[in-house]
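Enquirer:
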Amino acid sequence: MIISLDPRVNRAAIEADNNIEPLKDLDQWETYEVFHQKRRGDQHMHVGIVHAPNAEMALIFGKEQFGRRGLSVNIWVVKTSDVFTTEYDDSDIFETVPEKQYREAGGYKVMDKINKYKKGL
Amino acid sequence: MYGNAYIDPNDKAAMMLAGEDPQKLAEFEARIARGEKIEPKDWMPKEYRKQLIRMIEQHGHSEIIGALPEGTWITRAPGFRRKLALMAKVQDEVGHAQLLYSAAETLGKSREAMINDLITGKSKYSNVFNYPAYTWADACIIAWLIDAGAIINQVANAKGSYGPYCRALDRICTEESFHLKYGHDNVVTLATGTPKQRELVQAALTRWWPPIMHFFGPSDKISNHTEVLMRWKVKMATNDDMRQQFLNMYVPKIWDLGLTLPDPNLKKNDAGKWDYTEPDWEEFKRVINGGGPCNAERLAVRRNAEERGRWVREALNTAESKYIAPLA
């Protein structure tokens, strides 16, 4: 028996040589990705994950893990396995090219024309 | 590094890089040199993954085990407010373990595997938690000075290269600032109190000084292995540098309270560095390898918690669950 300075440990009457079965896969359940909103009006942001047996418990754990200091007003959880993602290896899909300036505000320069027009008046 | 090229097994840096694709390795190192973070699904050298898993996992275990010597004092903390504060701190520590385990999981080791390695003694955790908290003052010294040491380490590592670890550490550091203030407040209360209170806190400080000096580990061997880890931003500062930083920040604060440290050689030298008696590294090794006063108790308590909680976890488990590693 473990004799401890900690009265709680003594009360629990723990064998010193208490070898246990190793934890099996999924003993700690699957994971949920947690998103929180800091203030009303803000976007929800990914803050981390929790292990949980179901969505309801994931919300409880998510609130406890990420929202216990009043830093959140709202939390979403979604199973990790339900999230579809792009690959960093394919990040060239986000590349753009200079000839697509027609989509940017900076692609429209009218002052030259206006000044030229005014001079010509 | 192709095919049958002979790699000297004594050349640790070459062994670390053996078999890696040179082009991918160059891109990986360039990304880190640019200050970009590595994310879970990026290509990374095997050794980078291995070292990070080991480091983050041990860090997670330290948070869990560290909650034990402090948790001891929740029921006996003087006054309701301190009980509440200590409970909040211990909850934070366990939360930190969860954040760290999650970061390690993104590298491919499941939480079950980490817990199994902890409770069988295969994985290590911070050596300081193999010592007991004899009195309330020990719990106060832990909360102030062990957390102070941890913050120095964590602030350095938060600038590392692995995204999920950095994000976990940013969050952890925010909470640690409360721990540090809380611990300092408790130590100041004792040190400015009655003679009996001063005696209590001085005794605890004297007891904890050797483990505190051990906290950052022995001097790093100057090896090309360490150089690679520093280039990869896995290791962000040498153990000696972190120890110096700690001494520089906290020895004056300790002396301000009129407390003494059990090292006659401790002083700041002309070069602005701290001189101290070399800690007993044999004792450090003996304790880390299971010979400390609390090693057996810590692991028995962890095994007990896993075992007695198992039926609850199993009852909640559902047949359709399937595990995939977290995303970030």
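Top line first, the protein sequences correspond to chains A and B. Here the numbering used here is used: position 104 in the first sequence is 104, and no number is missing along the way. Here the numbering used here is used: position 267 in the second sequence is 388, and no number is missing along the way. For each residue, glycine too, the CB sits at the ideal point set by N, CA and C. Computed from a predicted model, the values in this text were never measured in an experiment.
(1) Could you give the first and the last residue of the continuous beta strand (DSSP E) run that contains Glu15 of chain A?
(2) Helix, strand or coil: how does DSSP classify Glu64 of chain A here?
(3) Quick check on Val422 of chain B - is its C-beta less than 8 angstroms from some C-beta in chain A?
(4) Rounded to whole angstroms, what's the CA-CA distance from Arg292 of chain B to Lys118 of chain A? Just pull it up for me.
(5) Is the CB of Gly216 of chain B under 8 angstroms away from at least one CB in chain A?
(6) For the putative contact between Asp401 of chain B and Pro447 of chain B, defined by C-beta atoms under 8 angstroms, what is the C-beta separation to the nearest angstrom?
(7) Using a Cβ distance threshold of 8 angstroms, determine whether the region 202-220 of chain B contacts the region 299-315 of chain B, with at least three qualifying pairs required.
(8) Looking at the C-beta of Ile14 of chain A, does it have a partner C-beta in chain B at a distance below 8 angstroms?
(9) Roughly how many angstroms separate the alpha carbons of Gly284 of chain B and Pro161 of chain B, rounded to a whole number?
(10) Give the DSSP-derived three-state secondary structure of Val309 of chain B in the structure shown.
(11) Quick check: Leu221 of chain B and His180 of chain B, are their CB atoms within less than 8 angstroms of each other?
(12) Mind listing the chain A neighbours of Lys443 of chain B? Cutoff is C-beta to C-beta under 7 angstroms, in chain order.
(13) Shorter than 8 angstroms from the beta carbon of Asp92 of chain A to some beta carbon of chain B?
(14) I need the straight-line Cα distance from Gly242 of chain B to Ala225 of chain B, nearest angstrom please.
(15) Select from A:Asp25, A:Ala105, A:Ile3, A:Val50 the residue whose C-alpha is nearest the C-alpha of Trp76 of chain A.
(16) Please report whether the beta-carbon of Pro22 of chain A lies at a distance below 8 angstroms from any beta-carbon of chain B.
(17) Are there 16 or more other CB atoms within 10 angstroms of the CB of Met176 of chain B, so buried, or fewer, so exposed?
(18) So is Met363 of chain B buried or exposed if we call it buried at 16+ other beta carbons inside 10 Å?
(19) Taking the alpha carbon of Thr196 of chain B as the point to measure from, which residue in A:Gly107, A:Ile3, A:Ile2, A:Pro7 has its own alpha carbon closest?
(20) For Ala449 of chain B and chain A, any beta-carbon pair shorter than 8 angstroms?
(21) Within the 8 angstroms Cβ cut-off, does Ser72 of chain A reach chain B?
(22) Report buried or exposed for Met1 of chain A, applying the criterion of at least 16 other Cβ atoms within 10 angstroms of its Cβ.
(23) Starting from Lys162 of chain B, find everything on chain A with Cβ-Cβ shorter than 9 angstroms and list it in chain order.
(24) Between Phe250 of chain B and chain A, is there a C-beta pair that is closer than 8 angstroms?
(25) Contact defined as beta carbons within less than 8 angstroms: I believe Leu321 of chain B pairs with Ala269 of chain B. What is the distance between those atoms, to the nearest angstrom?
(26) Excluding the five sequence neighbours on either side, which residues of its own chain have a C-beta within less than 6 angstroms of the C-beta of Thr315 of chain B, listed in chain order?
(27) Among the residues of its own chain, which have a CB less than 8 angstroms from the CB of Ile185 of chain B, if the five just before and after it don't count?
(28) Give me the residue from B:Ser244, B:Ala436, B:Ala421 with the minimum Cα distance to Asp17 of chain A.
(29) Specify, as a first and last residue, the run of the alpha helix (DSSP H) that Ile272 of chain B falls within.
(30) Compare the C-beta of Gly41 of chain A against all C-beta atoms of chain B and say whether one is closer than 8 angstroms.
(31) By Cβ distance below 8 angstroms, which residues in the same chain neighbour Ala13 of chain A in space, the five residues on each side in sequence not counted?
(32) So Asp384 of chain B and Tyr397 of chain B are supposed to be a Cβ contact under 8 angstroms. How far apart are they, rounded?
Expert: From the atom records:
(1) Here residue 15 of chain A refers to the residue found at position 15 of the first sequence. It is not in any beta strand (DSSP E) - Glu15 of chain A carries neither H nor E in the DSSP assignment.
(2) Here residue 64 of chain A refers to the residue found at position 64 when the first sequence is read from its first residue. Three-state DSSP puts Glu64 of chain A in a helix.
(3) Residue 422 of chain B sits at position 301 when you count from the first residue of the second sequence. By this cut-off, Val422 of chain B is an interface position.
(4) Walking along the second sequence from the start, residue 292 of chain B turns up at place 171. Walking along the first sequence from the start, residue 118 of chain A turns up at place 118. Roughly 58 angstroms separates the two Cα atoms.
(5) As a position in the second sequence, residue 216 of chain B is number 95, starting the count at 1. Gly216 of chain B counts as touching chain A.
(6) As a first step, residue 401 of chain B is located in the second sequence; it is residue number 280 there, counting from the start. As a first step, residue 447 of chain B is located in the second sequence; it is residue number 326 there, counting from the start. Between Pro447 of chain B and Asp401 of chain B the Cβ distance is about 41 angstroms, and since that is not below 8 angstroms, they are no contact.
(7) Segments in contact, yes.
(8) Residue 14 of chain A sits at position 14 when you count from the first residue of the first sequence. Ile14 of chain A counts as touching chain B.
(9) For the purposes of this step, residue 284 of chain B is identified with residue 163 of the second sequence, where counting begins at 1. For the purposes of this step, residue 161 of chain B is identified with residue 40 of the second sequence, where counting begins at 1. Rounded to the nearest angstrom, the two C-alpha atoms are 8 angstroms apart.
(10) Start at 1 with the first residue of the second sequence, and residue 309 of chain B comes out as number 188. Reduced to three states, the DSSP call for Val309 of chain B is helix.
(11) Residue 221 of chain B sits at position 100 when you count from the first residue of the second sequence. Residue 180 of chain B sits at position 59 when you count from the first residue of the second sequence. Going by C-beta atoms, Leu221 of chain B is nearer than 8 angstroms to His180 of chain B.
(12) Translated into positions along the second sequence, residue 443 of chain B becomes position 322. By Cβ distance, chain A contributes Glu30, Ser81.
(13) Position 92 of the first sequence, counted from the start, is the residue given in the question as residue 92 of chain A. Closer than 8 angstroms: no.
(14) Here residue 242 of chain B is taken as the residue at index 121 of the second sequence, counted from 1. Here residue 225 of chain B is taken as the residue at index 104 of the second sequence, counted from 1. For Gly242 of chain B and Ala225 of chain B, the distance between alpha carbons rounds to 18 angstroms.
(15) Mapped onto the first sequence, residue 76 of chain A falls at position 76. The residue with the shortest Cα to Cα distance from Trp76 of chain A is A:Val50.
(16) For this step, residue 22 of chain A is matched to residue 22 along the first sequence. For Pro22 of chain A, the answer is yes, since a Cβ of chain B falls inside 8 angstroms of its Cβ.
(17) Here residue 176 of chain B refers to the residue found at position 55 of the second sequence. Classification of Met176 of chain B: buried, given that the 10 Å Cβ count is 16 or more.
(18) Residue mapping note: residue 363 of chain B aligns to position 242 of the second sequence, counting from 1. Looking at its Cβ environment, which holds 16 or more other Cβ atoms inside 10 Å, Met363 of chain B is buried.
(19) Start at 1 with the first residue of the second sequence, and residue 196 of chain B comes out as number 75. The shortest C-alpha separation from Thr196 of chain B is found at A:Pro7.
(20) Here residue 449 of chain B corresponds to residue number 328 of the second sequence, with the count starting at 1. So yes, Ala449 of chain B belongs to the interface.
(21) Here residue 72 of chain A refers to the residue found at position 72 of the first sequence. So, not an interface residue.
(22) On the first sequence, position 1 is the one that residue 1 of chain A refers to. Within a 10 Å sphere around the beta-carbon of Met1 of chain A sit fewer than 16 other beta-carbons, which makes this residue exposed.
(23) The residue labelled residue 162 of chain B in the question sits at position 41 within the second sequence. Ordered by position in chain A, the residues that pass the 9 angstroms Cβ test against Lys162 of chain B are Thr85, Glu87, Tyr88, Asp89.
(24) If you number the second sequence from 1, residue 250 of chain B lands on position 129. It does not; no Cβ of chain A falls within 8 angstroms.
(25) Numbered from 1 along the second sequence, position 200 holds the residue referred to as residue 321 of chain B. Numbered from 1 along the second sequence, position 148 holds the residue referred to as residue 269 of chain B. With a Cβ gap of about 20 angstroms, Leu321 of chain B and Ala269 of chain B do not count as contacting.
(26) In the second sequence, the residue the question calls residue 315 of chain B occupies position 194. Contacts found: none.
(27) By 1-based counting over the second sequence, the position of residue 185 of chain B is 64. Closer than 8 angstroms at the Cβ level, and outside the excluded window around Ile185 of chain B, lie Glu214, Val215, Ala218, Leu239, Tyr246, Arg423.
(28) Your numbering for residue 17 of chain A matches position 17 in the first sequence. For Asp17 of chain A, the nearest C-alpha among the options comes from B:Ala421.
(29) Taking the second sequence and counting its residues from 1, one reaches residue 272 of chain B at position 151. Per DSSP, Ile272 of chain B belongs to the alpha helix (DSSP H) from 268-278.
(30) Stepping through the first sequence from its first residue, residue 41 of chain A is reached at position 41. Not one chain B Cβ lies under 8 angstroms of Gly41 of chain A.
(31) Here residue 13 of chain A corresponds to residue number 13 of the first sequence, with the count starting at 1. Closer than 8 angstroms at the Cβ level, and outside the excluded window around Ala13 of chain A, lie Met1.
(32) Within the second sequence, numbered from 1, the residue matching residue 384 of chain B stands at position 263. Within the second sequence, numbered from 1, the residue matching residue 397 of chain B stands at position 276. The Cβ separation is near 6 angstroms, so the contact holds.
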